[in-house]
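Student: Numbering-wise (this note's numbering), the sequence shown opens with residue -19 and increments by one. No residue lacks a Cβ here, since even glycine has one placed at the ideal position from N, Cα and C.
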Amino acid sequence: MTMFCYQCEQTAKGTGCTAHGVCGKDPETAALQDGLIHAVKGLSMYAHRARQLGATDREINVFTVQALFATLTNVNFDPEALRQMVLRAAELRDRARALYEEACQKTGKQPEELGGPAAFTPAGDMDELIRQGEVLTIQNRIDALGEDVTGLRELLLHGLKGAAADADHAQILAQEDHALYAGFHEMVDYLAGKPEDVTGLQELLLYGLKGAAAYADHAQILGQEDDAFYAGFHEMLDYLAGKPTCADELLARALRVGELNLKAMELLDAANTGAYGHPEPTPVRVTPLKGKAIVVSGHDLKDLDELLKQSAGKGINVYTHGEMLPAHGYPELRKYEHLVGNYGGAWQDQRKEFDEFPGAILMTTNCLQRPKDSYAGRIFTSGLVGWPGVAHIENRDFTPVIEAALAAEGFMEDGPDKEILVGFGHNAVMGVADKVIEAVKGGAVRHFFLIGGCDGAKPGRNYYTEFAQAVPDDCVILTLACGKYRFNKLDFGDIGGIPRLLDVGQCNDAYSAVQIALALADAFDTDVNSLPLSLILSWYEQKAVAILLTLLHLGIRDIRLGPSLPAFVTAPVLEVLAEKFNVMPISTPQEDLAAILG
Ligand code: SF4
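(1) The ligand MG and Ala(-8): does any heavy atom of the ligand fall closer than 7 Å to the residue's C-beta?
(2) Look at Leu288 and Leu189 and say whether their C-beta atoms are less than 8 Å apart.
(3) Can you check whether the CB of Trp519 is closer than 8 Å to the CB of Glu176?
(4) Can you tell me which residues form a DSSP beta bridge with Arg265?
(5) Can you tell which of Leu386, Arg540, Asn407 and Val525 has the C-alpha that lies nearest to the C-alpha of Ile496?
(6) Does the contact criterion of 3 or more C-beta pairs under 8 Å hold for the segment 258 to 273 versus the segment 509 to 524?
(7) Is the closest heavy atom of the ligand SF4 to the C-beta of Gln119 under 7 Å?
(8) Please return the same chain residues whose Cβ sits closer than 8 Å to the Cβ of Asp572, not counting the five positions on each side in sequence.
(9) Distance check for Gly254 and Val381, CA to CA, integer angstroms please.
(10) Could you check the C-alpha separation between Phe404 and Leu94 for me, to the nearest Å?
(11) Report yes if the C-beta of Gly180 is less than 7 Å from at least one heavy atom of the ligand SF4; otherwise report no.
(12) Go ahead and pull the three-state DSSP assignment for Leu240.
(13) Tell me, which residues are paired with Asn297 by DSSP?
(14) Leaving out five residues on either side along the sequence, give the residues of the same chain with a beta carbon under 6 Å from the beta carbon of Ile201.
(15) Nearest-angstrom Cα distance between Lys469 and Ala326?
(16) Taking the alpha helix (DSSP H) that Ser24 falls in, what are its first and last residues?
(17) Can you list, in chain order, the residues of its chain whose CB lies under 8 Å from that of Phe209, leaving out five sequence neighbours each side?
(18) Where does His533 sit, in a helix, a strand or coil, going by DSSP?
(19) Could you tell me whether any non-hydrogen atom of the ligand SF4 is closer than 7 Å to the CB of Gln(-13)?
(20) Of the residues Ile431, Gly309 and Leu430, which one's Cα is nearest the Cα of Val402?
(21) Where DSSP assigns a beta bridge to Pro311, which residues make up the other side?
(22) If you follow the alpha helix (DSSP H) that Asn585 is part of, which residue opens it and which one closes it?
(23) Using the Cα positions of Ile576 and Ser514, report the straight-line distance between them to the nearest angstrom.
(24) By the 10 Å Cβ neighbour count, where 16 or more other Cβ atoms means buried, how is Arg358 classified, buried or exposed?
(25) Is Ala524 close to the ligand SF4? I mean its beta-carbon at under 7 Å from any heavy atom of the ligand.
(26) Taking the Cβ atom as the reference point for each residue, do Ala83 and Gly22 lie within a distance shorter than 8 Å?
(27) Hey, could you find the ends of the beta strand (DSSP E) Ile431 is sitting in?
(28) Helix, strand or coil for Ile118? Go by DSSP, reduced to three states.
(29) Could you check the C-alpha separation between Met167 and Ile417 for me, to the nearest Å?
(30) Anyone know if the C-beta pair for Glu303 and Cys462 falls short of 8 Å?
Shown next, in the form of structure tokens:
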């Protein structure tokens, strides 16, 4: 059995995982995820049409987002959980169809007969369902699209030939129009588009939606929703279900996904700060304390909050891991005395770190790797995360996690004292805006570098450490997401009391970074692209894709992206991005710094 997946940066050979996912995803799970995406497209075709007639259903909306999130890299590897989601998607598709037909009846409209994903009937049997998913792989779509695009090209080409004959006759009689020639060139240029480019653009859009879905799900968990947002998801999935082939429109829609993601991050920012207060600069211990222990990884602050409530007074120390580190900055989370510090580094080191961790482990969202046998009995998943055989927490009852922590040895002694600072969200940074602006105007701060994005296992990521270390002393570094673990325990000092390393937060706090940039642009009476600010981004999975699309939607230029470029962004598409936004790959820290600072 084969598969094809190229949605993340660690994809095999930089082109695609075809035998087994580097992340641990097997071909069966890949087929089920492809089947789930297909089923959700079908559901969206009806949900989109129903909404246009004024009918919507919250359960369908929330499920759409959850299904996309479940297929993100390192989230759900559990075939049975995915099978259940495909079946649920078909049930909700039927509900969406009924909703649509009812709305048609009320408005006197003739319902459309929908085919393709809307007519998908998933098999109840696991083997058959996997076979259905296999047909939907990206490679099969590229092959099929090859035929479609060839047919469309021929149609277009034959039309052009006819028009050319007429134009030639006119030219012979001295009648020419340069707009006509421009039209010919544009069309011939368009014909050069390949199925790989088109499929890559479709996937760019889909991965952006997946990333935005992750943020929307977190916001929804904390009670922040917006129907306009769900409308955007259904519209885009309906559009993708129609197998679009126009490269220009696909790119334009991808930027609209960036806009959708900005809204998702805004909602999540409101949800997080509404529930837990605005992050404040906070020192965080990064070494263990003697005693029983639980480590919480992922991004779900509500899971952390509930676990802290349930474990209070039980003699257990709770540590954050990976992307949960910024949780320490939120007043309503850091109030728990047994939230004692941060353990380990970024997600890709978890198998070694969890092996050595003498307590219970909770994975709340993506970034799960195949658990080792040594800790398989004391790791738990929650929310949409899943691994076959790993105990899954239902309804935020963390009793099994607490019991596993109490049964484990715990840390036998304190580690050496060491702290780092977190909590420089937009509110905290803008609280000292006067100081920052004065430092820039007075020349004390020459430039800001946002070194943001995910960490990963592939070679080439030392670039980010070396870049941070090479940043001159009169420049400030802003960090986001888990890429910072490569250098966030180094001492960067301060500039007149402003720390040179300011951690803005999780990946979704790119929203905070955007707010900071917009406020600075306002203060300097300029635009973001004219600020002394450069974006040096690292990507790993689909949330980073969503954030990149958001930045492009905002018109932000000159982004440097690494450590390698996405396999689904083909050379012609990259050329367009380079031309429109000056997006460029990273080179070496020295070359890039010289190019930026002159
Ligand atoms: Fe490969 Fe990444 Fe897809 Fe996993 S998510 S199968 S590593 S491309």
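Tutor: Per the coordinate set shown:
(1) What this structure holds is the ligand SF4, not the ligand MG.
(2) no
(3) no
(4) Per DSSP, Glu399.
(5) Asn407
(6) no
(7) no
(8) The answer, listed in chain order, is Phe447, Ile516, Arg540 and Ile566.
(9) When the Cα atoms are used, Val381 and Gly254 turn out to be separated by approximately 27 Å.
(10) 49 Å
(11) no
(12) The three-state reading of DSSP puts Leu240 in helix, counting H, G and I together.
(13) Ala273
(14) Lys282
(15) 12 Å
(16) Pro7 to Gln32
(17) Ala196, Leu240, Lys243, Ala244 and Leu247
(18) helix
(19) yes
(20) Gly309
(21) BP columns for Pro311 are empty, so no partner.
(22) This structure cannot speak to residue 585, because the chain is shown only from -19 to 578.
(23) 8 Å
(24) buried
(25) Flag unset: Cβ of Ala524 not near the ligand SF4.
(26) no
(27) His427 to Gly433
(28) helix
(29) Here Met167 scores only 46 on pLDDT, less than 50, and its place in the model should not be relied on; the value that follows carries that caveat. If you take the alpha carbons of Met167 and Ile417, they lie about 49 Å apart.
(30) yes
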